[in-house]
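K.L.:
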Amino acid sequence: MEEDRLRTIHEERRLNIQQSHANAMQSLKVRARHTREKWLTDLQLRHFQAEKNLPKDLKAADKTFSDFVAELAAQREVHAKLDKGAWNAFGGCAAFQKMLRRERSAPAEPGGMTGGHRELFDEMKTQLGVAAEQLEVFRGFLLPRIFSYLPLPAVLPLVAVAGGILALVLRAQPNGFAIAGGATVALLLLVVIVHRIGLNRSRASATALSRALGKAVRAHDASAAATTAHHAGERERIETEHNSLNAEIQRDWDRADEIEREFSAGKREKLRAQMPRAFAKNEKLLGPKIVQLAAARREDTAQAEARAEERRQKLAAA
């Protein structure tokens with residue numbers, strides 16, 4: 017019968033559901049173990065990568081530091097050349113050389129040199145550029161350039177010697193010594209006045225040059241200190257992150273059994289929830305068909321009874 021066939025199919029489905037559930041529950045332990053193994057494998061890979069990256073990252077930090085130190089050294093050489101050029105250009109004025117020495121050794125103003133090592137390096141280059149421009153400006157003054165070759169302390173004795181020679185030449189003439197003395201004094205005054213004029217005209221440029229060189233050397237020192245601190249901080253950061261990562265990996269490693277239990281519990285709960293739904297769905301598939309089959313059977317029965325009654329009536333009439 018059709019109903020028997022439907023109930024047979026229904027029962028087969030129910031058995032399949034039970035078997036599938038049993039198989040899934042049986043394989044759950046294996047799947048949980050595989051999940052644990054995969055968890056540990058991933059942690060091993062993370063640890064391997066961390067150990068591989070540590071020396072590479074430290075080496076990269078050291079190279080960045082050494083490259084920057086080389087850049088600093090190159091700019092320091094530029095500063096040394098400009099400083100030597102300024103000292104030679106100031107050779108005709110001891111006051112300028114004294115100012116240059118003072119700017120060299122002047123301490124940094126509180127809060128004056130701030131920023132990262134790269135910003136301080138850029139400040140150094142800026143000040144060296146200013147110094148180079150001002151050195152060219154200073155060299156353009158004629159009188160300071162002359163006195164750099166003939167310093168005032170060397171010119172004055174020469175004038176005095178020339179005055180003595182002039183006195184010897186004029187000694188036979190009346191008032192010869194007075195004339196020689198007056199000429200010598202006048203020449204000395206002229207030399208001093210010319211020297212003062214040259215000093216005054218070039219003072220602004222000399223001051224700017226000295227200050228720029230002083231600021232450059234202070235920016236260099238501040239940048240060197242900052243990059244040393246930055247490099248130490250970078251190495252510390254890399255090692256700290258590495259240690260933190262290893263600690264995290266160790267914590268996760270210790271959770272391997274917990275991960276296996278959580279996976280097993282979660283899947284078991286899911287399978288338990290699926291089984292009633294599967295049974296309900298199977299029942300839902302059977303119910304309407306049984307109802308439909310019963311309705312068709314009642315209709316067939318009613319039709320058969322109607323035909324039988326019709327035949328009885330025909331027989332009775334005959």
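Okay, so the sequence shown: first residue is 17 according to the working numbering, each after it adds one. All C-beta atoms in this analysis are idealised placements derived from N, C-alpha and C, irrespective of residue type, glycine included.
Do you know offhand how far Lys141's Cα is from Leu215's?
P.N.:
Residue numbering aside, residue 141 sits at position 125 when the sequence shown is read from its first letter. Residue numbering aside, residue 215 sits at position 199 when the sequence shown is read from its first letter. CA-to-CA, the gap between Lys141 and Leu215 works out to about 28 Å.
K.L.:
Closest to Arg213 by CA distance: which of Phe84, Leu158, Ala272, Pro292 is it?
P.N.:
In the sequence shown, counting from the first residue as 1, residue 213 sits at position 197. Before going further, note that residue 213 is Ile rather than Arg in the sequence given. The residue with the shortest Cα to Cα distance from Ile213 is Leu158.
K.L.:
Just list the alpha helix (DSSP H) runs in the segment 204–248, keeping only unbroken ones of 4 residues or longer that don't cross its boundaries, in chain order.
P.N.:
None, since the segment 204–248 contains no complete alpha helix (DSSP H) of that length.
K.L.:
Using 8 Å as the cut-off, can you tell me whether the segment 43–57 makes contact with the segment 262–279, which would need three or more C-beta pairs spanning the two stretches below that distance?
P.N.:
yes
K.L.:
Return helix, strand or coil for Gly131, following the three-state DSSP convention.
P.N.:
Reading the sequence shown from its first residue, position 115 is the one you call residue 131. Three-state result, Gly131: coil.
K.L.:
Look up Gly156 in the DSSP assignment and say whether it is helix, strand or coil.
P.N.:
Position 140 of the sequence shown, counted from the start, is the residue given in the question as residue 156. DSSP places Gly156 in coil when its eight states are reduced to three.
K.L.:
Looking at Gln91: is its Cβ nearer than 8 Å to the Cβ of His246?
P.N.:
Along the sequence shown, one-based indexing puts residue 91 at 75. Along the sequence shown, one-based indexing puts residue 246 at 230. No. Outside cutoff.
K.L.:
Between Ala232 and Ala147, is the Cβ-Cβ spacing less than 8 Å?
P.N.:
Here residue 232 refers to the residue found at position 216 of the sequence shown. Here residue 147 refers to the residue found at position 131 of the sequence shown. Against a cut-off of 8 Å, the Cβ pair of Ala147 and Ala232 comes out as a contact.
K.L.:
Would you decide whether Gly108 is buried or exposed? Buried here means 16 or more other CB atoms lie within 10 Å of its CB.
P.N.:
Along the sequence shown, read from residue 1 onward, the residue named residue 108 stands at position 92. By the neighbour-count rule (16 or more Cβ atoms within 10 Å), Gly108 is buried.
K.L.:
Identify whether Pro71 lies in helix, strand or coil by the three-state DSSP scheme.
P.N.:
Reading the sequence shown from its first residue, position 55 is the one you call residue 71. Helix.
K.L.:
Between Phe154 and Ala110, is the Cβ-Cβ spacing less than 8 Å?
P.N.:
As a working note, residue 154 is residue 138 in the sequence shown. As a working note, residue 110 is residue 94 in the sequence shown. Not in contact: Phe154 and Ala110 (Cβ atoms no closer than 8 Å).
K.L.:
Label His95 either buried or exposed according to how many other C-beta atoms from any shown protein chain fall within 10 Å of its C-beta, with 16 as the threshold for buried.
P.N.:
As a position in the sequence shown, residue 95 is number 79, starting the count at 1. Residue environment analysis places His95 among the buried positions, since at least 16 neighbouring C-beta atoms fall within 10 angstroms of its C-beta.
K.L.:
Does the beta-carbon of Ala281 have 16 or more other beta-carbons within 10 angstroms, so that it is buried, or is it exposed?
P.N.:
Counted from its first residue, the sequence shown places residue 281 at position 265. Label assigned to Ala281: exposed.
K.L.:
Assign Arg323 to one of two classes, buried (16 or more other C-beta atoms within 10 Å of its C-beta) or exposed (fewer than that).
P.N.:
Residue mapping note: residue 323 aligns to position 307 of the sequence shown, counting from 1. Result: exposed.
K.L.:
Taking C-beta to C-beta, are Thr256 and His133 nearer than 8 Å?
P.N.:
Looking up residue 256 in the sequence shown gives position 240. Looking up residue 133 in the sequence shown gives position 117. No; because the gap between Cβ atoms is not below 8 Å, this pair is not in contact.
K.L.:
Span of the alpha helix (DSSP H) holding Gly112?
P.N.:
To locate residue 112, count along the sequence shown from 1; it is residue 96. Correcting the residue type first, residue 112 is Phe in the shown sequence and not Gly. Taken as a continuous stretch (DSSP letters only), the alpha helix (DSSP H) holding Phe112 covers 110–121.
K.L.:
Any idea what DSSP makes of Pro167, helix, strand or coil?
P.N.:
Working through the sequence shown from its first residue, we reach residue 167 at position 151. Here Pro167 sits in coil by DSSP.
K.L.:
Could you compute how far the alpha carbon of Gln113 sits from the alpha carbon of Gly145?
P.N.:
Stepping through the sequence shown from its first residue, residue 113 is reached at position 97. Stepping through the sequence shown from its first residue, residue 145 is reached at position 129. Computed Cα separation, rounded: 20 Å.
K.L.:
Are the beta-carbon atoms belonging to Leu88 and Ala228 less than 8 Å from one another?
P.N.:
As a position in the sequence shown, residue 88 is number 72, starting the count at 1. As a position in the sequence shown, residue 228 is number 212, starting the count at 1. No, Cβ-Cβ distance for Leu88 and Ala228 is not below 8 Å.
K.L.:
Return the chain-ordered list of same chain residues with a C-beta closer than 6 Å to the C-beta of Trp269, the five sequence neighbours on each side being excluded.
P.N.:
Numbered from its first residue, the sequence shown carries residue 269 at position 253. Only Leu59 meet the Cβ criterion.
K.L.:
Going by DSSP in three states, Pro190 sits in which element: helix, strand or coil?
P.N.:
If you number the sequence shown from 1, residue 190 lands on position 174. In this structure, Pro190 counts as coil in the three-state DSSP scheme.
K.L.:
Is it buried or exposed, Glu93, if we count other Cβ atoms within 10 angstroms and call 16 or more buried?
P.N.:
The count along the sequence shown starts at 1 and reaches residue 93 at position 77. It is exposed - the Cβ of Glu93 has fewer than 16 other Cβ atoms within 10 Å.
K.L.:
Checking 8 Å against the spacing of the C-beta atoms, do Gln150 and Leu225 come in under that value?
P.N.:
For the purposes of this step, residue 150 is taken as residue 134 along the sequence shown, with counting starting at 1. For the purposes of this step, residue 225 is taken as residue 209 along the sequence shown, with counting starting at 1. With contacts defined by Cβ atoms closer than 8 Å, Gln150 and Leu225 form a contacting pair.
K.L.:
Which term fits Phe139, buried or exposed, when burial requires 16 or more other beta carbons within 10 angstroms of its beta carbon?
P.N.:
Here residue 139 refers to the residue found at position 123 when the sequence shown is read from its first residue. Note that residue 139 corresponds to Glu in the displayed sequence, not to Phe. The residue in question, Glu139, is buried, as its Cβ has 16 or more Cβ neighbours within 10 Å.
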